[in-house]
Amino acid sequence: MQSNTNGAGERTKVDIAIIGAGVSGACIARQLSAYETEVALIEKEADVSFGVSKANSGIVHGGFHHGPKYLKTRLEIRGNLMYDRLQRELDFPFSRCGILVVALNDEEMKYIDHLYTQGLENGAIGIEMCSRERMFELEPKLESDCVGGLHAPGGGVIEPYRFVFSVVESAVKNGVQLLREFEVVKAERSGEKHIVHAADGRVVEARYVVNAAGLFADKVSGIFGAEEFQITPRKGEYYLLDRKTKACPNRVLFPVPTKVSKGMLVIPTVEGTVLIGPTAEEIEDKTDLSTNADKLGQILDQARKMVPSVSQTDVIAAFSGLRPALLPEGDFYIDISEKTPNFIQVAGIQSPGLTAAPAIGEYVKDLLKKAGCRLTEKADYDPFVTKLPRIRDYSPFEADELLKKDAAYGNLICRCEKISEAEIVAAIRAGHTTLDGIKYFTRAQMGRCQGGFCSYKIIKLIMRETGMEYDQITKNGRDSVVLTGRL
Amino acid sequence: MSAPETKEMICISCPISCRMTVYEENDSIVVKGNKCARGKVYGEEEYLAPKRMVTCTVATDSEEFPRLPVRTTASIPKETIDELLQELYSLNIKLPVKRGTTLIENYHDTGVDVIATMTLPGRA
Amino acid sequence: MHERTYDVAVIGGGAAGMAAAVEVRRQGLSCAIVERENQLGGILMQCIHNGFGVQEFKKELSGPEFAEEFMDMVADAGTDVFLSTTVDSIEESEQGKELYCYSRKNGVVKLNAQAVILAMGCRERNRGNIRTPGTRPAGVFTAGLAQRLVNVEGYIPGKNVVIVGSGDIGLIMARRMTWVGAKVHGVVEIQPYPAGLTRNIVQCLNDFEIPLYLSHVVSRIEGKNRVEKVTVSPLVNGIPDEDQSFEIPCDTLLLSVGLVPENELSENAGVEISPITSGAVVDSTMMTSVPGIFSCGNVLHVHDLADYAAEEARRTGAYAVAWLQNKKPARQLRIKAGANVRYVSPGMINPELPDKLYLRTLIVKNNAQLVMKLNNNIVKERKLSHVQPSEMVSVKLTKKDVEDWHAESDSVLEVSVQ
Ligand SMILES: Cc1cc2nc3c(=O)[nH]c(=O)nc-3n(C[C@H](O)[C@H](O)[C@H](O)COP(=O)(O)OP(=O)(O)OC[C@H]3O[C@@H](n4cnc5c(N)ncnc54)[C@H](O)[C@@H]3O)c2cc1C
Ligand SMILES: Cc1cc2nc3c(=O)[nH]c(=O)nc-3n(C[C@H](O)[C@H](O)[C@H](O)COP(=O)(O)OP(=O)(O)OC[C@H]3O[C@@H](n4cnc5c(N)ncnc54)[C@H](O)[C@@H]3O)c2cc1C
Ligand code: SF4
């Protein structure tokens, strides 16, 4: 990934500018990078995936939660199918562990019936209705009250930020320009072009603009004089359990959903920890990612209804995410703007946005063609990214061989997640120079000590690799400085 | 001499932590609330001239070991601590250094030295 | 892969690891210490304040001085030391144990040893463990990390500081932050009494007029990028009282909310862990549930004095040697934590070879009484001038103590505090 902060007044000229480097923008950018066209991916934060895409359930959904009339359902089904190939190309952790919806009484079992039919209509592959016995066979840790449920074997889990990092890396490798800390504040038309201004004075000129700004898609639409709509943030709070917990299920467990949300889940993450949550609460402030004391009890209660062994003492971290909901329908709004020429809206991308994102990329490419953008395939498009060894995947004997090639794999920096110096250096060299960026890229600081042991070592590596001063090191960009002085 | 004042304090000579009242009467110092003789000694000293040990670090010329820990060899009067800290922060010690090396001798005629508390190697 | 063979391998080169290794060498067996950092000493190297060594060396030293006393002994004893090397796993083999050690310098090294002594120390509890609500900005540090940053690396983590938890590490950091020019606005303690030593309250808080809020919690952290303020709430009937809450503007929050033994390596080797101490379950010889693996120091249970960790480790070294010489205790009695006692370590005692027990109480009390009962008969009593949960109590048992105990092999020794 190339460096972000160009000088003020710097002008980048491209065919297509994508605003927002979340999972949607990233997948659109990668899709377009297969064609002969100049693309800029624009992000206001210090790193990609720092918006909605960093804090969510990380589930590749099974295609039965919503009816076939929704665009989001069609893209969910299609997106899900694209994940296996993406994993081969992009080397991110992904497990098709399957999904279970747990019914705790006969009333709920009726709803399972409805979900099952819906899933069949949607074309979800392999879903089955399960008896009580079948449920316990699939998940021995279930609460004994379970009367039956639904099994969607095609569902799975990914690390969402890690996925976005890989997608962006691939896009950049194929020529996409990544501009970070570029907050779009103003835009105007000049002939056939959009002139897009950043808060720091940088400018991008583009024939086409894609608005994939997540929670702020309404604001960006306004900046371009396009459709008026409102994105409502709906908060979801989570607790993360240590990988030592006894409550780790084999599959993602859903309760029977309510009208407003899919309910509180127990999720075995792809890295072996367990997530419980999310809550669902409409709020006002799109930057309010706080967690609240009263929610923990609720989440634990709900999770224990499915898995009684969930324990408060296993909690290692809490966080929250905001769903960018376009109410009242709650469907995706992906279309060519009718007000602003050559402007594509990708808004209201709430769940199953992560699942659908690869399909959103295709869909937007087709919309761009429809809007008149000429796209011819690139001869030298390379869908693969370089595989980075992770020391924790190596046996001691294999590790010894790896260390002969790069001794830095022998210096274990993060002890909880077993991450070596070589992996952290790779993250820094790939352009992730904030503590959170390195955390999302490598998992260092993500384990039970939450950085207590390793964060100062990571700070020193960032300084060594980039020449940054101690007071330029941030948690996640802007003023989130970590150290305020030097003795 | 200013009017004798009464000080409330906690004895820190042992974990019992007696709460003591200390004041001057007829040219001698009275300690009340102590359970033992050590408390009286502590109370008198804390009343007349409270003293503290200082532990700190000073800069070195090494990148690998940028700070050298140091301490005073005995307690020094409380009111001189800030000045000592400023002096310590202005030092820059060339490595190698051995534990116990005197860095400041007889600080302000108190009879107290500042010594290095760690052995640090020079550049390899 | 390189390979080395020793009688005993010690994992971790802090106070405990060094003391254990020195004892093993003193008895003539070969021994190696494996330490992940680039010097021996462990946590002591960042504890630049004094208050170490009163038991071991009969003088008051700073952490690094205490550590160096042991480093000298390690060197004199001719112990092999692998620095900047992490033990990643312990496997059983026909000859004993295999340790797989990772380092930049030597790649992966396999250490063969007959016996292994675990001395990996502990880690700090963090924000997730105490579940403080609010935002997740920069500026929240554990106190030990802040101590490392200031004392070893020479960086200042913040200017306006609030400290959560009145344990000794938090108190020491209150003074240290003040002495590097930061303003400490308060120490917030959930319990109705301070967790640290009174002398640290006096010297680290009172000297600088830093307020101590007892029975209070930080109920919320606020700040978008960096900490901007915290909400402090008094506990009324155990729950934070919103009406009496107040805010403290600050840019830094230091958490000194307890330590947890770092036993992932031990667990992966099959060692049974006690849910109370989070350390290994050990017998009277400090041997874990896996024969040949011993445990001591902070990885066994959290010690508040390095002196105690070293003392315990020395005995552990001796026990490991005895085990290798096939000297095993004929009988061991189970020890039970009785009234007002959180735990006793070790959990067993050899009536032929009584030694030291460490315990933690559940209560705060002056003039308390330690009572030991064997099969419900009082066998030993001792006055304790002052007890509190944060201060470990050490109890020495002599041969004379146990002579007329008449212990059966199923006897239970119950230890309580009244
Ligand atoms: C609690 C929760 C749980 C979820 N669980 C799942 C799940 O299990 N499975 C699933 O499939 N989906 C799930 N989702 C949905 C999924 O996370 C989202 O649909 C997806 O992350 C949205 O990605 P995005 O790229 O559209 O938005 P974002 O990731 O928010 O990306 C938009 C980007 O635009 C940037 N931006 C905004 N304004 C500007 C500007 N003016 N200039 C420049 N850049 C700007 C932002 O900084 C941001 O990085 C969940 C969502 C939430 C909140
Ligand atoms: C932050 C903090 C502050 C303290 N402050 C005080 C104080 O002020 N006064 C006081 O008397 N006591 C204090 N203590 C307690 C006292 O210092 C300890 O009880 C004592 O030093 C513990 O020694 P140890 O050897 O058990 O652990 P440590 O000193 O923690 O040593 C463990 C060593 O093991 C190494 N290690 C761990 N895992 C591996 C592995 N897999 N491979 C190789 N090496 C490994 C670690 O790097 C470390 O060096 C403090 C403790 C902590 C944690
Ligand atoms: S007066 Fe004596 S008993 Fe009381 S705290 Fe001081 S030393 Fe302890």
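Protein chains in written order, with the numbering used here: chain L, -3 to 483; chain P, 60 to 183; chain R, 38 to 455.
Cβ coordinates follow ideal geometry from the N, Cα and C atoms, glycine included.
All values reported here derive from a predicted model rather than from experimental measurement.
Does the CB of residue i have a neighbour CB from chain L at under 8 Å?
{"i": "residue 540(R)", "result": "In this structure chain R extends from 38 to 455, so residue 540(R) is not present and cannot be described."}
{"i": "residue 43(R)", "result": "no"}
{"i": "residue 125(R)", "result": "yes"}
{"i": "residue 47(R)", "result": "no"}
Run through DSSP, which three-state label would residue i get?
{"i": "residue 272(R)", "result": "strand"}
{"i": "residue -1(L)", "result": "Residue placement at residue -1(L) is flagged as unreliable, the pLDDT there being 43, under the threshold of 50; the coordinate-derived value follows with that caveat. Residue -1(L) falls in the coil class under three-state DSSP."}
{"i": "residue 167(P)", "result": "helix"}
{"i": "residue 110(R)", "result": "helix"}
{"i": "residue 379(L)", "result": "coil"}
{"i": "residue 450(L)", "result": "coil"}
{"i": "residue 417(R)", "result": "strand"}
{"i": "residue 91(P)", "result": "strand"}
{"i": "residue 282(R)", "result": "coil"}
{"i": "residue 177(P)", "result": "coil"}
{"i": "residue 121(P)", "result": "coil"}
{"i": "residue 439(L)", "result": "coil"}
{"i": "residue 145(L)", "result": "strand"}
{"i": "residue 474(L)", "result": "coil"}
{"i": "residue 206(R)", "result": "helix"}
Please tell me whether residue i has its Cβ less than 8 Å away from any Cβ of chain B.
{"i": "residue 212(R)", "result": "Of the chains in the structure shown, none is chain B; the protein chains are L, P and R."}
What does residue i touch in chain L if you count any residue whose Cβ is under 8 Å from its own?
{"i": "residue 140(R)", "result": "406 and 407"}
{"i": "residue 256(R)", "result": "289"}
{"i": "residue 368(R)", "result": "The contacting residues do not exist; residue 368(R) stays about 35 Å from chain L at best."}
Beta carbon of residue i, beta carbon of residue j: below 8 Å?
{"i": "residue 248(L)", "j": "residue 89(L)", "result": "no"}
{"i": "residue 157(R)", "j": "residue 48(R)", "result": "yes"}
{"i": "residue 202(L)", "j": "residue 179(L)", "result": "no"}
{"i": "residue 53(R)", "j": "residue 355(R)", "result": "no"}
{"i": "residue 127(L)", "j": "residue 349(L)", "result": "no"}
{"i": "residue 270(R)", "j": "residue 289(L)", "result": "no"}
{"i": "residue 26(L)", "j": "residue 167(L)", "result": "yes"}
{"i": "residue 320(R)", "j": "residue 369(R)", "result": "yes"}
{"i": "residue 461(L)", "j": "residue 421(L)", "result": "yes"}
{"i": "residue 316(L)", "j": "residue 232(L)", "result": "yes"}
Using a Cβ-Cβ distance cut-off of 8 Å, determine whether residue i contacts chain R.
{"i": "residue 65(P)", "result": "no"}
{"i": "residue 281(L)", "result": "no"}
{"i": "residue 180(L)", "result": "no"}
{"i": "residue 90(L)", "result": "no"}
{"i": "residue 315(L)", "result": "yes"}
For residue i, return the contacting residues in chain L, with the cut-off set at a CB-CB distance below 7 Å.
{"i": "residue 137(R)", "result": "392"}
{"i": "residue 294(R)", "result": "Those do not exist, as residue 294(R) stays about 11 Å from chain L at its closest Cβ, beyond 7 Å."}
Anything in chain L within Cβ reach of residue i, meaning under 9 Å, just list it in chain order.
{"i": "residue 196(R)", "result": "480 and 481"}
Run down chain R in chain order and give the residues with a C-beta less than 7 Å from the C-beta of residue i.
{"i": "residue 144(P)", "result": "216"}
{"i": "residue 470(L)", "result": "175"}
{"i": "residue 130(P)", "result": "87 and 99"}
{"i": "residue 211(L)", "result": "Simply none; closest approach about 15 Å."}
Are the C-beta atoms of residue i and some chain P residue less than 8 Å apart?
{"i": "residue 189(R)", "result": "yes"}
By the criterion of Cβ-Cβ separation under 8 Å, what are the contact partners of residue i in chain R?
{"i": "residue 448(L)", "result": "160, 161, 163, 179, 181 and 182"}
{"i": "residue 140(L)", "result": "Result: empty, since nearest Cβ-Cβ is about 24 Å, beyond 8 Å."}
Does ligand 4 have even one heavy atom less than 7 Å from the beta-carbon of residue i?
{"i": "residue 75(R)", "result": "Of the ligands one can find in the structure shown, namely ligand 1, ligand 2 and ligand 3, none is ligand 4."}
Whose Cβ in chain P lies nearer than 9 Å to the Cβ of residue i?
{"i": "residue 435(R)", "result": "By Cβ distance, chain P contributes nothing, its closest Cβ being about 24 Å from residue 435(R), past 9 Å."}
Could you name the residues of chain R that residue i contacts, counting a contact when the two beta carbons are closer than 9 Å?
{"i": "residue 312(L)", "result": "163, 165 and 166"}
{"i": "residue 178(P)", "result": "101, 105 and 108"}
Checklist line | Ordered list of alpha helix (DSSP H) runs contained in the stretch 318 to 371 of chain L, each at least 4 residues | finding: 349 to 366
Margin query: Runs of 4 residues minimum, wholly inside the stretch 72 to 131 of chain L: which ones carry the alpha helix (DSSP H) assignment?
Written below: 102 to 118
Check: At what residue ranges does the stretch 115 to 170 of chain R contain a whole run of the beta strand (DSSP E), taking only runs of 3 or more?
Finding: 117 to 119, 122 to 129, 134 to 140, 144 to 155 and 159 to 161
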